[in-house]
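Trainee: First residue of the sequence shown? That's 677 in my numbering, and the numbers climb one at a time after it.
In this text, a Cβ means the ideal position worked out from N, Cα and C, and glycines have one as well.
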Amino acid sequence: MTTITPDPGNHGTPRPSLRSEAGAPGTLTAVPHADQSQTTQKGASVTYPGPPRPVQNSATPLAELADQLGAAAPEPANSTVEVTGITHDSRAVRPGDLYAALPGARLHGADFVAQAAGLGAVAVLTDPTGAERAAATGLPVLVVDDPRALMGELAATIYGRPGRDLLQIGITGTSGKTTTAYLVEGGLKSTRNTGLIGTVETRIGDERIKSERTTPEATDLQALFAVMRERGVEAVAMEVSSHALVLGRVDGCVFDIAVFTNLSPEHMEFHSDMEDYFRAKAQLFTPERSRRGVVNVDDEYGRRLAREASVPVVTYSAEGHPDADWRASDVHIGPMDSTFTVTGPEGVRVAAKSPLPGPFNVANTLAAIVALATAGLDPQTAADGIAGVPGVPGRLERVDAGQPYLAVVDYAHKTDAVESVLRALRKVTKGRLHIVLGCGGDRDRTKRAPMGAAAARLADIAVLTSDNPRSEDPLAILATMLEGAASVPVHERGEVLLFEDRAAAIEAAVARAHPGDTVLVAGKGHEQGQDIAGVIRPFDDRQVLREAIQKTQG
């Protein structure tokens, strides 16, 4: 049976309910654009917007950078200018910076050169369109046709090629990047000082910095590498998105190990089709981007990549593919973790444990072990370190408030991921399986109906709701998800509920939960805000779920 239950305030004609009363649920509040970092100048602490920079960085002559770019040399009056940093964000300029004024979809970075100059920029990098505006500041200007395409290599030069002093392991794929990166870092910690860069956060040793995107822009990335080097970090695990590869964010990086997890439809608002998406990912497995590849051959695109990659490739299979170099066997899936045996070249056998549940996390754990073994670590030492990882924020993260049922939050926000998580939780659920799920606005619209169908087919109760509607009508997004749910034959379909308000949806799922059930809140994972009509208000699924459970506990 399908039930459509509107939330309060949406009786009559359906319409978006963007409430703005002070203190009420749904209050919209702005959050800062960027994190801040502190440095010390002349003995005093100075706070700058953006990620951290190295405390000490040798100056690079502007003339040397012009020569690297193939740009016109600075005028004689500017021949002694030296650069100590680079940024593409005019708000984050520090004294001594080269400001990269890039063309954008709506505005040009050259519109902000005066701000950059006022903050201490000593030169500007831009394209011919921005050259005249940049020159009006009186700063020397380096002009190239495509500054974004050259910015990464330039940043690497300015910060002294810091990546060369780090063991760099990059992970790409549609699903599993974040989890695999955390597992790789966990394995590295047993022998080295580590860093982590990804969707949830950046970690430099014990310092944690909230991430704005999966892979930082090239200027920020090279600065982070330099900070890591300065603080004694020896190895970094890093997520590499397809956007990062296409937009040049990892230009200037050559990863020691590149890992491919899988590929399924995602980001179709950015990529023209799956072939375009695959080719973007495949860029990581070229000599310009990596030295060795680690590829999942359980995935059809992985098998193709293993054939076509232009760097040496090591393959792995969690499903026992006979041609894989590394395989998982004797797999035992538990309620909150899994154990298995890893078989590798020359008879290597490793006892492994995935600290997260589900077959897909066996694959992620295997990927991490193989990546570390390929990097030269002892496989058993790596596996032991991975087994000790306490969890990954927003990835099958358990919320326990004393309730007699399992409650978890997961980042699953594409059809394959939703299906995988629901199947994994079904295996450990004695009672009914509930899911709260929405789809993001201004993103790939083709996945909305399939995600609604997956929730309706694989859960006993599917509560469809808002995710990050952004500029779209939340009810229009829900209507498409509902179409997908309704396409599931009645005898295969669970109960389907509809709530525009996400907090109300979570409360509804919790109110229906009984001992032995599982409640999954999916789609946002670690996120701590909800984007409605272009304004981000605080919203953390984990906190809202915990509060909903506590209300029912009396």
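1. Residues in the same chain with beta-carbon distance under 8 Å from Leu872, minus the five sequence neighbours each way, listed in chain order, please.
2. DSSP puts Met827 in a beta bridge; with which residues?
3. State yes or no: is the C-beta of Asp1143 within less than 7 Å of the C-beta of Gly1199?
4. Looking only at its own chain, which residues have a Cβ that is under 7 Å from the Cβ of Ala790, when we skip the five neighbours before and after it?
5. Pull up the DSSP beta-bridge partners for Tyr835, would you.
6. Let me know the beta strand (DSSP E) ranges lying completely inside the region 745-798, each 3 residues or longer, listed in chain order.
7. Among Ala894, Ile933, His919 and Ala1083, which one has its Cα closest to the Cα of Leu843?
8. Here's the rule I'm using: 16 or more other beta-carbon atoms within 10 Å means buried, otherwise exposed. How should Pro1214 be labelled?
9. If Gly849 and Phe936 are in contact, beta carbons under 8 Å, what's the gap, nearest whole angstrom?
10. Under a three-way DSSP split, which group does Asp952 fall into?
11. Please report the straight-line C-alpha distance between Ser1147 and Arg1119, rounded to a whole angstrom.
12. Going by other Cβ atoms of all chains shown within 10 Å of its Cβ, with 16 needed for buried, is Ala753 buried or exposed?
13. So the alpha helix (DSSP H) Tyr977 belongs to, where does it begin and stop?
14. Give the single residue among Ile847, Glu951 and Ala777 whose Cα lies nearest to the Cα of Ala920.
15. State the DSSP-derived secondary structure class of Ser734, mapped to helix, strand or coil.
16. Would you kindly work out how many angstroms separate the C-alpha atoms of Pro701 and Gln1206, rounded to a whole number?
17. Taking 7 Å as the limit between beta carbons, can you name the residues of its chain near Thr1050, skipping five residues before and five after?
18. Can Leu1098 and Val1084 be called in contact, C-beta distance under 7 Å?
19. Do the region 1090-1108 and the region 887-902 make contact, defined as three or more Cβ pairs closer than 8 Å?
20. Helix, strand or coil for Lys1029, going by three-state DSSP, please let me know.
21. Answer yes or no: do Pro998 and Val1026 have a C-beta to C-beta separation smaller than 7 Å?
22. If I follow the unbroken alpha helix (DSSP H) through Asp1092, where does it start and stop?
23. Once the 5 residues before and after Arg1188 are set aside, which same chain residues still bring their CB inside 7 Å of it?
24. To the nearest angstrom, report how far apart Arg1133 and Glu1168 are at their CA atoms.
25. With three or more C-beta pairs closer than 8 Å as the rule, is the region 882-901 touching the region 939-946?
26. Quick check on Thr781: buried or exposed, where buried means 16 or more other Cβ atoms within 10 Å of its Cβ?
27. Tell me which residues share the same chain as Ile834 and place their Cβ nearer than 8 Å to its Cβ, disregarding the 5 neighbours each side in the sequence.
28. How about Val876 and Pro816: are their beta carbons less than 7 Å apart?
29. Between Val1094, Pro1126 and Val1186, which lies nearest to Asp1076 when the distance is taken from Cα to Cα?
30. My understanding is that Gly726 touches Asp896, with C-beta atoms under 8 Å, so please give their C-beta distance in whole angstroms.
31. Less than 8 Å between the CB atoms is what I'm expecting for Val1139 and Leu1173, so what's the real figure, rounded?
32. For Ser918 and Asn972, I'd like the C-alpha separation in whole angstroms.
33. Closer than 8 Å is the cut-off here; do at least three beta carbon pairs connect the region 1008-1015 with the region 976-993?
Mentor: Based on what the coordinates show:
1. Exclusion of the five residues before and after Leu872 leaves Ala857, Tyr858, Glu861, Thr878, Arg879, Val912, Ala913 and Met914 as the residues of its chain whose Cβ lies within less than 8 Å of its Cβ.
2. Partner(s): none; Met827 has no beta bridge.
3. yes
4. Cβ within range, chain order: Thr813.
5. Residue pairing from DSSP leaves Tyr835 without any beta-bridge partner.
6. 761-763 and 773-777
7. Ile933
8. exposed
9. 6 Å
10. helix
11. 10 Å
12. exposed
13. From DSSP, the alpha helix (DSSP H) with Tyr977 extends over Glu976 to Glu984.
14. Ile847
15. coil
16. Note that Pro701 scores 28 on pLDDT, short of 50, meaning its location in the model is unreliable; the coordinates nonetheless yield the value given after this. Their Cα atoms are separated by approximately 12 Å.
17. Ile933, Arg968, Val970 and Val990
18. No; because the gap between Cβ atoms is not below 7 Å, this pair is not in contact.
19. no
20. strand
21. no
22. Thr1091 to Arg1102
23. His1110 and Ile1137
24. 6 Å
25. No: fewer than three Cβ pairs fall under 8 Å.
26. Note on identity: in this sequence residue 781 is Ala, with Thr being the wrong assignment. With fewer than 16 other Cβ atoms within 10 Å, it is exposed.
27. Asn733, Thr736, Leu741, Val759, Thr760, Gly761, Ile762, Leu774 and Gln898
28. At the C-beta level, Val876 and Pro816 stay beyond 7 Å of one another.
29. Val1186
30. With 8 Å as the limit, Gly726 and Asp896 qualify as a contact, their Cβ atoms being about 7 Å apart.
31. 5 Å
32. 17 Å
33. no
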